[in-house]
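Everything below concerns the one structure shown next.
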Amino acid sequence: MISIAIADDESLVASSLATLLGLEDDLTVLATAGSGEELISWWNDRLGTGQQVPGVCVLDLQMGDKDGIDTAIELRRLSPGLSVLIVTSHARPRQLKRALSAGILGFMPKTSTAEQFAAAIRSVHAGRRYIDPELAALTISAGESPLTPREEEVLELAGRGGSIDDIATAVHLAAGTTRNYLSQAIAKTGAHNRFEAFTRARELGWL
Numbered sequence: 003m004i005s006i007a008i009a010d011d012e013s014l015v016a017s018s019l020a021t022l023l024g025l026e027d028d029l030t031v032l033a034t035a036g037s038g039e040e041l042i043s044w045w046n047d048r049l050g051t052g053q054q055v056p057g058v059c060v061l062d063l064q065m066g067d068k069d070g071i072d073t074a075i076e077l078r079r080l081s082p083g084l085s086v087l088i089v090t091s092h093a094r095p096r097q098l099k100r101a102l103s104a105g106i107l108g109f110m111p112k113t114s115t116a117e118q119f120a121a122a123i124r125s126v127h128a129g130r131r132y133i134d135p136e137l138a139a140l141t142i143s144a145g146e147s148p149l150t151p152r153e154e155e156v157l158e159l160a161g162r163g164g165s166i167d168d169i170a171t172a173v174h175l176a177a178g179t180t181r182n183y184l185s186q187a188i189a190k191t192g193a194h195n196r197f198e199a200f201t202r203a204r205e206l207g208w209l
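With the sequence shown counted from 1, adding 2 to any position gets you the numbering used here.
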């Protein structure tokens with residue numbers, strides 16, 4: 003029997019997925035959580051009392067406190083043999099690369115069927131990768147991004163419409179330093195302004 007924990011800040015998604023997976027003869031859901039922090043707290047409690055922890059975690063990529071990848075890194079620190087499947091509504095090549103670098107075996111869209119979710123869980127539990135084919139192809143075609151992590155960070159915030167001061171505050175940098183990072187990102191994308199740079203970086207799979 004493969005034991006599972008699910009974390010998603012949309013409670014309906016978490017409960018629905020738990021119900022669907024629970025219908026499989028070889029899968030059992032031990033816990034659902036509304037955030038990465040909540041799941042980590044539950045995990046520590048289980049370890050502290052000597053109780054079984056799940057063999058597979060299904061984690062939403064975008065969560066309010068810790069995202070799915072950061073949550074996976076912490077859980078894998080606590081339980082090194084843990085297998086993780088990341089699910090998301092908005093997959094990008096950069097996120098897949100980050101997940102793979104963190105030792106995460108599974109990455110798939112929330113639009114997948116119940117059968118695909120079950121197959122993915124069995125695959126990662128067996129130590130095999132299960133990556134959405136479309137995202138894998140996009141990641142390969144995107145190639146290596148020339149943007150640094152800081153440039154990606156400020157460009158992502160710029161794409162949301164933030165002012166220089168807003169972006170600087172969010173990333174804990176001076177406004178001048180933030181402008182420099184944005185200027186470098188604009189130059190690398192061949193754009194004329196930060197909004198165009200954001201769009202091009204997205205199209206190229208760099209964000």
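Quick reminder that beta carbons are idealized off the backbone N, C-alpha and C, glycines included. Please read these numbers as outputs of a predicted model, since none were measured by experiment.
DSSP three-state label for Thr34, please.
strand
First and last residue of the alpha helix (DSSP H) that includes Ile106?
Looking at the DSSP string, Ile106 is not in any alpha helix (DSSP H), and its letter there is neither H nor E.
Just tell me which of Leu63, Leu84 and Glu198 has its CA closest to the CA of Ile2.
The structure shown does not extend to residue 2, since the chain is modelled only from 3 to 209, so the question has no answer here.
Can you check DSSP and say which residues form a bridge with Gln132?
The displayed chain sequence assigns Tyr, not Gln, to residue 132. Answer is Gly108, bridged to Tyr132.
May I ask which residues mark the beginning and end of the alpha helix (DSSP H) holding Asp62?
Note, Asp62: premise wrong, no alpha helix (DSSP H); beta strand (DSSP E) at Val58 to Asp62.
Beta-carbon spacing of Pro148, Lys99 below 8 Å
No, these two residues do not count as a Cβ contact at 8 Å.
Please list the terminal residues of the continuous alpha helix (DSSP H) segment that includes Thr171.
Ile166 to Val173
Please state if the CB of Leu23 and the CB of Ala7 are separated by a distance shorter than 8 Å.
no
Go to Val86, then tell me how far its beta strand (DSSP E) extends in each direction, as first and last residue.
Ser85 to Thr90
Nearest to Asp11 by CA position, among Ala120, Ser5 and Leu41, is which residue?
Leu41
Check whether the Cβ atoms of Met110 and Asp134 sit closer than 8 Å, and answer yes or no.
yes
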